[in-house]
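For the protein sequence lines, the chains are A and B, in the order given.
Going by numbering that gives the first Met the number 0, 158 is the number at position 159 of the first sequence; the sequence numbering is gapless.
Going by numbering that gives the first Met the number 0, 184 is the number at position 185 of the second sequence; the sequence numbering is gapless.
Even for Gly, the Cβ is constructed at its ideal location relative to N, Cα and C.
It should be emphasised that the depicted structure is a prediction, and the values quoted were computed from it without experimental measurement.
Working notes, beginning with the structure itself.
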Amino acid sequence: MRTYLLPSNNILEFVTKLSETGPVFYPILEDKNVHMVKFNKDKDFSPVFTKIRSVENIKHFLFPSRDVVAKFPKDRHWKSEQQFLFGIKSCDLRGIDVYDRVFLNWDPVDPIYRQRRENTTIISMDCPEPEDCCFCTLVGLNPYGESVCDINCTPLSSGLFFEIFTERGQEIIDRMPTIFKEVSKDEQKERDRIRKQAIKMLGKINDRSFKVDLSTRVENAAREVKREARSECVECHACLHVCPTCYCFLLSDHKKGKDIERVRTWDACYYAAYARVGGGANPHYDITERFWNRFLCKFSYFNQYEGFYACSGCGRCYRGCSGKIDIREILWKL
Amino acid sequence: METVNPSRESDKMSEQSQSERFSKEVNPYYPVPAKIKKIIVETSNITTFILGGMPINFEAGQFAELTVPGIGEAPFTPSSSPYADDLEFTIMKVGRVTSALFDLREGDMVGVRGPFGKPYPLKEFKGREVFLVGGGVGFAPLRSLFLSLVHNIKDYKKIYVRYGARTPDDIVYKELIPKWQKSGKVDILLTVDVGDDSWKGSVGVVTVILDEIPVDTNDSPAIVCGPPLMMKFVTQRLVEAGFKHSNIFLSMEKNMSCGVGKCNHCRVGKFYVCKDGPVLTWQDVKGIEDPFL
């Protein structure tokens, strides 16, 4: 894997050059929260690379909350523009990994997702300052990009340590070789130290692992356990809408001018009508079962399909929950 | 955003072929346009829609999403033979999409996506007695299977059909049943929950005609389709009668949106009914709490 150093002074030039081929989205800090914003060369550029993932999940960039997926009578060819996600975290890479499996690997390929995905360059960033909500290490991840991304960066005192994962990532470096430097041994050591420190912090935040047979425990959970787990749930569904791995959606048809558009919107399995059929029968009529469906989906079924949990450990569900339900507490108790 | 009156808007759908509409790749969310050739009223709330030509090629057991332009789509299993020239759906009016469908006229356009799901393993049925149990409009998908079996009748030992409806008026395909019954290798028994003066057959729910099961239950496949409660009790009866759990085929149609195993709506346990089903065996689903709901 090739590595480079982008000195701090050259970051603006790097982003400016990237933005010549498509919009670049990067993290900023606003009111103590991280948000992804679009780079504008005429405005202030104050990225924040050391904080945790953005408040909003980043699935909007590949799988928008509202998306026209077909038009009739005549369909259209799907076009999407090049875009760059610069500074997203390892937890959000897990989300993209889930979407890649569902929309690209599972037959049939979703052509709309594929277009966007092929036009999206992912430059992820280490997460050196995990917070109380973070638990990526409990779901099999490290707090830095190891796959899915084209490039992963580690913020060092002297700049950004680039590690290249794909040809597309290498092409970016090759387009602007003069702004990069070789990585020194000291910088390599600094990166290792930052990563070790981040993992250590996560170990302190989460002092227990999930059981190795978590999937089976989720499947076999007793009714009382499920009922207690959802006792504080007020059915606001925030946990599902902020989740970077949830992929449920609903298709609906709407008139737009002379055409009819088939629109895909995010859906959530906590909605009472989610599984109701035309005749009125509803397999998920009970909130306790709906609540637990989320756990089954993420920690049992998806694990059976793909061999990893459809959970990124980002903690957005905990931060967004009206009832302050901590998914870790529920899973630890199983 | 406004919805569209299907009877006006559907006329505008072009009869664009599947290959024309997308040269590079198929969009799985786009429906193939099809014209309603004929409408047959089966009962007070069940109607058969015959779509001209064969907009999709399917095998018995597979289903399709039917679009009412501007209203939306819903999943249905064809009731016609896969070998027929036209595609038929026998549909009960129950919800938003089916209500809009019932407002359409002959000549109107609809959209069809599919086929989706896995077909019945007909090769495995060869040389065996095949036992079909249907309830209400649940007989529609079984008709497609029945016609497939009859098409190659020499391949099977005998075909048994057990069908229950609420009243004699609710029996679908009334005019076809006597014709089917005349074939020597077909045995059909009907029952109704409530009879009338003209009804000479059994009265009671479908399990009353399952007291005697004249097939080799150790070897024969049983295929069940009907309302959830009927499916539950029929399955119990078939298990009692000695059918192998892997030989009890259950039509598990659920709420579906995408039809291609992505949107998650139809999942029963770990199974995507749209991809792994829509027909699953009792062996597959018996560990799931109330799979028929």
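Whose C-beta lies closer than 7 Å to the C-beta of residue i among residues of the same chain, with five residues either side of it excluded?
| i | result |
| --- | --- |
| A/Gly21 | Glu80, Gln81, Gln82, Phe83 |
| A/Glu234 | Tyr269, Ile286 |
| A/Phe334 | Lying before the first or after the last residue shown, residue 334 of chain A is absent from chain A, which here runs from 0 to 333. |
| A/Ile178 | Leu5, Asn9, Glu12, Phe13 |
| A/Asp325 | Tyr317 |
| B/Lys92 | Asn44, Ser98, Phe101 |
Give every residue of the same chain whose Cβ lies closer than 8 Å to the Cβ of residue i, excluding the five residues on either side of it in the sequence, and list them in chain order.
| i | result |
| --- | --- |
| B/Arg95 | Ile70, Gly71 |
| B/Leu209 | Val132, Arg161, Val233, Arg236, Leu237, Ala240 |
| A/Lys323 | Glu231, Tyr317 |
| A/Leu201 | Pro129, Cys133, Phe134, Cys135, Thr136, Pro142 |
| B/Phe21 | Its pLDDT being 37, under 50, B/Phe21 is placed unreliably in this model, and the coordinates cannot settle the point. |
| B/Phe145 | Leu131, Ile158, Val160, Trp179 |
| A/Ile155 | In the sequence as presented, Ile is not what sits at residue 155 of chain A; that position holds Leu. If we look at A/Leu155 and ignore the five residues flanking it on each side, its Cβ neighbours are Leu4, Glu186, Glu189, Arg190, Ile193. |
| A/Ser183 | Leu4 |
Could you check if residue i is buried or exposed, using at least 16 other CB atoms within 10 Å of its CB as the buried criterion?
| i | result |
| --- | --- |
| B/Glu239 | exposed |
| A/Lys332 | exposed |
| A/Leu11 | exposed |
| B/Cys273 | buried |
| A/Cys135 | buried |
| B/Ile152 | exposed |
| A/Glu29 | exposed |
| A/Tyr3 | buried |
| B/Glu123 | exposed |
| B/Gln282 | exposed |
| B/Glu252 | buried |
| A/Ala271 | exposed |
| B/Leu175 | exposed |
| B/Ser16 | With a pLDDT of 39 at B/Ser16, under the threshold of 50, the predicted position of this residue should be treated as unreliable, though the coordinate-derived value follows. That one is exposed. |
| A/Arg116 | buried |
| B/Leu141 | buried |
| B/Thr97 | buried |
| B/Ser18 | In this predicted model, B/Ser18 has a pLDDT of only 37, less than 50, meaning its place in the structure is not dependable enough to derive any value. |
| B/Gly276 | buried |
By Cβ distance, which residues of its chain are closer than 6 Å to residue i, with the 5 residues on each side in sequence left out?
| i | result |
| --- | --- |
| A/Tyr125 | What sits at residue 125 of chain A in the sequence shown is Asp, not Tyr. Answer for A/Asp125: Tyr143, Thr153, listed in chain order. |
| A/Lys225 | Thr287, Trp291 |
| A/Leu159 | Leu5, Cys152 |
| B/Val207 | Thr190, Ser201 |
| B/Glu114 | For the sequence presented, residue 114 of chain B should be read as Pro rather than Glu. Here the set comprises Ile55, Phe57, Gln61, Ala63. |
| A/Phe294 | Val217 |
| A/Arg275 | Asn281 |
From the DSSP output, which residues share a beta bridge with residue i?
| i | result |
| --- | --- |
| B/Tyr155 | According to DSSP, B/Tyr155 bridges with nothing at all. |
| A/Arg261 | A/Ala69, A/Asp252 |
| B/Gly133 | B/Tyr162, B/Cys224 |
| B/Thr47 | B/Ile39, B/Thr89 |
| A/Thr120 | A/Phe83 |
| B/Val109 | B/Ala33 |
| B/Ile187 | B/Val160 |
| B/Pro63 | It should be noted that the sequence gives Ala, not Pro, for residue 63 of chain B. Paired residue(s): B/Phe75. |
| A/Met35 | A/Pro26 |
| A/Gly158 | A/Pro6 |
| A/Tyr304 | Beta-bridge pairing links A/Tyr304 to no other residue. |
For the structure I just gave you, are there three or more beta carbon pairs, one from the stretch 150–170 of chain B and one from the stretch 251–264 of chain B, closer than 8 Å?
no
Using Cβ-Cβ distances below 9 Å, what residues of the stretch 91–120 of chain A are close to chain B?
Val101, Phe102, Trp105, Asp106, Pro107, Val108, Asp109, Pro110, Ile111, Arg113
Any chance the stretch 177–197 of chain A sits against the stretch 127–145 of chain A, with 3 or more Cβ pairs inside 8 Å?
yes
Below 8 Å between beta carbons is the criterion; list the residues of the stretch 258–275 of chain A that meet it against any residue of chain B, in chain order.
Ile259, Arg261, Arg263, Asp266, Cys268, Tyr273, Ala274, Arg275
How do the stretch 206–225 of chain A and the stretch 213–233 of chain B stand: do at least 3 beta-carbon pairs fall below 8 Å, yes or no?
no
Is the stretch 242–253 of chain A close to the stretch 244–257 of chain B, with three or more CB pairs under 8 Å?
yes
Taking three-plus beta-carbon pairs below 8 Å as touching, is the stretch 50–68 of chain A in contact with the stretch 261–273 of chain A?
yes
Can you pull out the residues from the stretch 228–249 of chain A whose beta carbon lies closer than 8 Å to at least one beta carbon of chain B?
Tyr246, Cys247, Phe248, Leu249
Selection of the stretch 250–272 of chain B by Cβ proximity to chain A, strictly under 7 Å
Lys253, Asn254, Ser256, Cys257, Val259, Gly260, Lys261, Cys262, Asn263, His264, Lys269
Touch test, the stretch 219–231 of chain B against the stretch 134–142 of chain B, Cβ-Cβ under 8 Å, three pairs minimum:
yes
Report yes or no: do the stretch 89–103 of chain A and the stretch 272–291 of chain A share at least 3 C-beta pairs separated by less than 8 Å?
no
Do the stretch 236–245 of chain A and the stretch 154–171 of chain A touch if we need at least three Cβ pairs shorter than 8 Å?
no
Indicate whether the contact test is met: 3 or more Cβ pairs, each with one atom in the stretch 176–183 of chain B and one in the stretch 78–91 of chain B, closer than 8 Å.
no
When you check each C-beta in the stretch 127–151 of chain B against every C-beta of chain A, which residues fall closer than 7 Å?
none
Any residues in the stretch 96–126 of chain B with a beta carbon nearer than 8 Å to a beta carbon of chain A? Which ones, in chain order?
Val96, Thr97, Gly110
Short of 9 Å Cβ to Cβ, which residues in the stretch 67–78 of chain B face chain A?
Val67, Pro68, Gly69, Ile70, Gly71, Glu72, Ala73
Just by C-beta distance, which residues in the stretch 274–299 of chain A are closer than 9 Å to chain B?
Ala274, Arg275, Val276, Gly277, Gly278, Gly279, Ala280, Asn281, Pro282, His283, Tyr284, Glu288, Asn292, Leu295, Cys296, Ser299
What residues in the stretch 191–222 of chain A have a beta carbon less than 8 Å from any beta carbon of chain B?
none
Which residues, in chain order, does the stretch 48–76 of chain A contribute to contact with chain B at a C-beta distance below 7 Å?
Val68, Ala69, Phe71, Pro72, Lys73, Asp74
Using a Cβ-Cβ cut-off of less than 7 Å, give me the residues of the stretch 214–236 of chain B that come near chain A, in sequence order.
Pro227
Please name the residues in the stretch 275–290 of chain B whose beta-carbon is closer than 7 Å to at least one beta-carbon of chain A, in chain order.
none
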